[in-house]
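Below is one structure; the comments refer to it alone.
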Amino acid sequence: MVKADITAVSTINPAIATDVAPGKVRLYIEARTTALLVGTDIGETLSFLADVPLDARGKVPKLRKMPVLLLGDTVPGRPGELRLVAPDAMLPWTPELEARLRPILTELVNPGQPPVITGVRETMHVPGNLTGEGETQVFLSTTGGKPASLSILRRPGQPTTWGVSFSEIVDQSAKPPQPETLAWYRLACALPAELPARSLIGGSADDQQIAQEDYAQVVRELGACTRNRPHG
């Protein structure tokens, strides 16, 4: 992630940029780097393509001198050229946006980052020795088959608690992820709204009902993942 000030803007001929969404225009932009926030070193001057919304008059907005955050990668063999991760991955800079993005992007470049979750693989509820005691384990499918699981604990006279683990060991002391961390996004944006019936293995009908209730609590407490762009 780079913070930069725009120095020059040129419009790409619409006859060439045929895949631009309605209401947007593709621009060739030059900018001056003011800070490298996350990632490898990059040059002082940058150039890149970006799709930006037209203004209320249908004109190209005034962008020169505007501070922006750029999410992209350098182009091998082409110093100073940046390829954005998405056509609209040039964001108007604000201190608040930088503060929100920096920790998440720092996690993304960490080799130990939480894996991308693709669904629910298996679910089981194991009753305890006391009435109202038990544990529901939800094993998640991920890209690359990396481990990820939820553990929901019930104890008599206590609130039901849960946590997430990204290791082979199902950790009963695991905690829920903090909001707007990478682990939170991985869960909130990927878990299905309801527990898939096919994932339930073993146990009585009552056990499976408890598993569904426990999973519903996890989804409810995670909260909604609001996307600002189509998922792809």
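First residue of the sequence shown: 1, per my numbering; consecutive thereafter.
Backbone N, C-alpha and C fix where the C-beta goes; we use that ideal spot for every residue, glycine too.
With a cutoff of 8 Å on beta-carbon distance, residue 151 and residue 188 are scored as not near each other.
Under the DSSP assignment, residue 218 falls in the alpha helix (DSSP H) whose first and last residues are 205-222. Per DSSP, the beta-bridge partners of residue 165 are 149. Within 10 angstroms of the beta-carbon of residue 134 lie 16 or more other beta-carbons, which makes it buried. Taking C-alpha positions only, residue 39 is separated from residue 20 by approximately 28 Å. For residue 105, the CB contacts under 6 Å within the same chain, skipping 5 residues up- and downstream, are 1 and 38 in chain order. Counting only runs of 3+ residues, the beta strand (DSSP E) found wholly inside the region 7-62 occupies 24-36 and 45-53, in chain order. For residue 97, the enclosing alpha helix (DSSP H) starts and ends at 95-108. Pairing residue 46 with residue 82 gives a Cβ-Cβ distance under 8 Å.
Distance from the Cα of residue 64 is smallest, within the candidate group 4, 88, 224 and 43, for 4.
Here residue 173 carries a coil assignment [DSSP, helix/strand/coil]. Within the same chain, Cβ atoms closer than 6 Å to the Cβ of residue 207 are found at 125, the five residues on either side in sequence being excluded. In the three-state reduction of the DSSP assignment, residue 142 falls in the strand class.
By the criterion of a C-beta distance shorter than 8 Å, residue 75 is surrounded in its chain by 81, 82 and 83, once the five residues flanking it on both sides are discounted. Between residue 224 and the set 96, 193, 111 and 201, the nearest pair of CA atoms involves 193. In the three-state reduction of the DSSP assignment, residue 4 falls in the strand class. In the DSSP assignment, residue 70 falls within the beta strand (DSSP E) that extends over 67-70. Counting every other CB atom within 10 Å of its CB across the protein chains shown gives residue 123 a total of 16 or more, marking it as buried. With respect to residue 25, residue 7 sits apart: the two C-beta atoms are not nearer than 8 Å.
Taking all protein chains shown into account, residue 77 has fewer than 16 neighbouring C-beta atoms within 10 Å of its C-beta and is therefore exposed.
For residue 82, the enclosing beta strand (DSSP E) has its first and last residue at 82-84. Fewer than three pairs of CB atoms, one per stretch, sit closer than 8 Å, so the region 94-112 makes no contact with the region 129-146. Beta-bridge partners of residue 91 (DSSP): 69. In the DSSP assignment, residue 120 forms a beta bridge with 140.
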